[in-house]
Structure formats: C-alpha cells, structure tokens
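Presented below is the structure to which this report refers.
Here it is, written out as structure tokens:
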C-alpha cells in the first residue's frame, strides 16, 4: 500500500474501538491524545512557555484538543494545513441535582443536549460517563460501561395511537430509571465514585464528599459492529463526529512521519458544535487561534509572520453528512445522492451554511486524487433547511480558506448511526494526503 493510501479496513476496526472508548468528549480527546502519543506527540500546557522545536505537540482543554506537528526547519511564516472536527454528540446530560424519582422508581434528572433523535434513546441499555471535578482542583474521568439506565417507553396498550405519530415531551418522558426505591440526594455521585473505583485508587482516596462538580452524559452500551451481507456497513454511537476526529488524528500521525512537509499540519477537535460552538472549547472560541499564534511566535515569528502564515492556510472542516435514505429519497437533492462507501463528500451551500467555494473544491479534489480516493458532492434539497458546521465559523473567525467535507451516514443524531465500512479509511487517506501536501 502506498503512503498516499496507507489506511485500509483495519482503520475502521480501530474506529469502532475508538467509539467504544469515547463515550464523552473528555474521553474522546484522551483517546485521540493516546493515539498521537504513540506517534511521538507530547502534551504542552497552556500556562507554560512554548518552544519552537520541531516535533508533535498537543493541547487539551476540557473536551477539546488541538495538535500540530512542526517539521524540521519550518519558518515562522510556514502555512498551516488544518483538519477541523468536533468531539460532542447529541445526548442526554445529567442535571446539577441528579437524584429524582416518582412512584417508587429511582431516576436520574437529565437535560437534552443538541438536536438528538429522542425516540432512539427509548428502551435502550444505557451507561453513564463523564468528568468529576474534585475539591482539590483535579478531575477524574468516569465511565459506567454496563446497563445502568433506561428510558422506558409507554406500552402500546396505554397509547393505542402511538404508531400514528410518537410525541415525546422532553421534560416528562425522557427521564431514565436506574432502580427502585426513594430518591436520596447524593446517591448517584456516591454510586459513581464507588462503581468507578475512585475509593480504591492508589494515592489519596476519593470520596463522594470530594466531588464538587460533574459533567456527566448518558450513552448506549451496545458495542459498535459491522453489519450487512458483506459486512460493508458499520453501526455505532457518536459517528457524528468522532469518525472525523479519529480520521484526523490518524492522518496527523501519518503526516508526522513525512520528511518533506511544506506546511505545519494541525488537528483541531472542538467541543460544543452541536449547540453553536460558542464556548472556550468551541470553534467560535479563541482556542485554535491562540494555538496557531503561539506556534508562530514560538518559532521566532512576528504578527507579520502570523498574517503570512494565515494567508496560506487551508482548513478542511470534516463532519458527517447525509447519505441518501432508501425509504425517504424525496428528502434529498435528486442530483446529489451520496452513497455509503462512495468516498468522502464535499459539502456545498451557497448561503454559507458550508464554507466551501470553487477554490476549496479544487483543494479537496487534489487531495483525493493524490490519495486515489473517490469522492461525492453533497447539497441540500431546496425545500429542506440546511445544517451547518464549524466550517463557516472557522473561516470567519480566522480569515482562512475553509472547505466543508465529511462522510455520508444514515440516522444522524441517533443514539446509533450507520456508515459505509470503507468510508472511514477513505476519509483518513484523503486527510493524510491533504496534510502532507
């Protein structure tokens, strides 16, 4: 296999493992960091002074990661090649006062995050994962990866018209159960501390009283899997958009092996895309710009060098799009029907819901040609509203050429999504070619 097409179905195998190990943005960036560390990258702290030495580095902030590789001899004005993605997915998130219940059932109070397909969370075995913040200022990742919660649907005998149109009240109908008995304040956090082994850690023992804050999310515990007659499809949670995060990390690690780079390759994996990106870890925050600027300055550059670097920079904003649905073809643009395993998609919207223009199309087409990867167009049906991505935000905030791409999937924003089993590695090959250009 040539360097331009180094990834194969083994990459998709690794993606399915990545999805299973990454139930929250915090776990996802930890998993991505582990992948990069195997390629020689090292973490740098935002509070420390940075040096301009060659090599791979990354910054972690909450559920976001920015990683970059400085080639030997890179000048301060060397342009960046950026792969942008996001780590968050629509789900159910635990409220500040989590312990609730009714009529002898113990429940967990949740808030709806993003535009999730609510019905896909019903009658599904659910776990709980996230980040606990401790009194001493440290954090711990936790993951109960076994059936713990369930959002039970009302039996058809009690709702005879349900198949004429399911209507779910976000407040009343989406509260999961996790046992029987009376709700008691502090029970959930005490359970998590014990269940996840924090009371048995080596070193200082963590108790429920040490936990002063949490960011906890419900997730499906059904493992990702291949399906189809020829195992040509892959199903799993959070493909939107951990599929792109994983492909970007693999492509960046591959770029770091090159000795002929004419750019500084970057992976920017943001949080909070699903609710507008306006946070300190979102694409509309300062994180990416700060990292790029500090990278220029660490190599002895000036604001002039930064401006020159930005002028030559290109970003591929990689996020999932919609494959043509066999049961709802009328919802798609008839002349643009992306298929699973047809290769990555180029997203176009003249109203700037996507950032792609003709020049960006040429950049993407060149990368796919170099990697021998097929690709497809995606355009929304005029009668349907078009979603958006971090692409327009990145272009406007940083003034850099940005192209929206991704992989076509079914069941976007479901608790379990579906993609072609070849598309993850086709995307990774295209991204690797782009970063190495």
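In the numbering used here, the protein residues as written are 3 to 439. Positions of the beta carbon are idealized from the N, C-alpha and C atoms, including for glycine. Keep in mind the model is a prediction, meaning the values are calculated, not measured.
Selection from 87, 29 and 22 that minimises the alpha carbon distance to residue 226: Walking along the chain shown from the start, residue 226 turns up at place 224. Ranking the options by Cα distance to residue 226, first place goes to 22.
Contact set for residue 177: own chain, Cβ-Cβ below 8 Å, skip 5 residues either direction: Counting from one through the chain shown, the residue named residue 177 turns up at place 175. Hits under 8 Å: 102, 109, 110, 111, 112 and 153.
For residue 435 and residue 374, the rounded distance between their alpha carbons: For the purposes of this step, residue 374 is taken as the residue at position 372 of the chain shown. For the purposes of this step, residue 435 is taken as the residue at position 433 of the chain shown. If you take the alpha carbons of residue 374 and residue 435, they lie about 10 Å apart.
Cβ pair count under 8 Å reaching 3, the stretch 298-312 against the stretch 78-93: yes
CA-to-CA distance, residue 239 to residue 151, given in whole angstroms: For this step, residue 151 is matched to residue 149 along the chain shown. For this step, residue 239 is matched to residue 237 along the chain shown. The straight-line gap from Cα to Cα measures roughly 16 Å.
Simplified DSSP assignment, three categories, for residue 312: Numbered from 1 along the chain shown, position 310 holds the residue referred to as residue 312. Residue 312 falls in the helix class under three-state DSSP.
Length of the line joining the Cα atoms of residue 357 and residue 67: In the chain shown, counting from the first residue as 1, residue 357 sits at position 355. In the chain shown, counting from the first residue as 1, residue 67 sits at position 65. Spanning the two alpha carbons is a distance of roughly 22 Å.
Euclidean distance between Cα positions of residue 320 and residue 171: Here residue 320 corresponds to residue number 318 of the chain shown, with the count starting at 1. Here residue 171 corresponds to residue number 169 of the chain shown, with the count starting at 1. Rounded to the nearest angstrom, the two C-alpha atoms are 33 Å apart.
Which of helix, strand or coil DSSP assigns to residue 169: The residue given as residue 169 occupies position 167 in the chain shown. If DSSP states are grouped into helix, strand and coil, residue 169 belongs with coil.
Which of helix, strand or coil DSSP assigns to residue 274: As a first step, residue 274 must be located in the chain shown, where it is residue number 272. Coil at residue 274, not helix or strand.
Minimum C-alpha distance to residue 380 - residue among 368, 399, 411 and 394: Locating residue 380 in the chain shown gives position 378, where the first residue counts as 1. Comparing Cα positions, the closest option is 411.
Buried versus exposed, by CB contacts within 10 Å (16 or more), residue 246: By 1-based counting over the chain shown, the position of residue 246 is 244. Residue 246 comes out buried.
N-terminal and C-terminal residue of the alpha helix (DSSP H) that residue 395 is part of: In the chain shown, the residue the question calls residue 395 occupies position 393. Where residue 395 is concerned, the enclosing alpha helix (DSSP H) stretches over 392-400.
For residue 276 and residue 459, believed in contact at Cβ under 8 Å, the rounded distance: Only positions 3 to 439 of the chain appear in this structure, which leaves residue 459 out of reach.
Supposed close pair residue 85, residue 437 - CB separation, criterion 8 Å: Within the chain shown, residue 85 is the residue found at index 83, counting from 1. Within the chain shown, residue 437 is the residue found at index 435, counting from 1. So it is a contact: roughly 7 Å between Cβ atoms.
Residue 304 classed as buried or exposed, judged by whether at least 16 other C-beta atoms fall within 10 angstroms: Along the chain shown, read from residue 1 onward, the residue named residue 304 stands at position 302. By the neighbour-count rule (16 or more Cβ atoms within 10 Å), residue 304 is not buried but exposed.
CB of residue 88 within 8 Å of CB of residue 282, strictly: Along the chain shown, read from residue 1 onward, the residue named residue 88 stands at position 86. Along the chain shown, read from residue 1 onward, the residue named residue 282 stands at position 280. Against a cut-off of 8 Å, the Cβ pair of residue 282 and residue 88 comes out as no contact.
Nearest neighbour of residue 30, chosen from 210, 83 and 251 [CA to CA]: The residue labelled residue 30 in the question sits at position 28 within the chain shown. Nearest C-alpha to residue 30: 251.
Nearest-angstrom Cβ-Cβ length linking residue 393 and residue 404, presumed shorter than 8 Å: Stepping through the chain shown from its first residue, residue 393 is reached at position 391. Stepping through the chain shown from its first residue, residue 404 is reached at position 402. Confirmed, Cβ separation roughly 5 Å.
Residue 3 versus residue 430 - alpha carbon distance: Translated into the one-based positions of the chain shown, residue 3 becomes position 1. Translated into the one-based positions of the chain shown, residue 430 becomes position 428. Here residue 3 scores only 39 on pLDDT, less than 50, and its place in the model should not be relied on; the value that follows carries that caveat. Cα to Cα, the separation comes out at about 14 Å.
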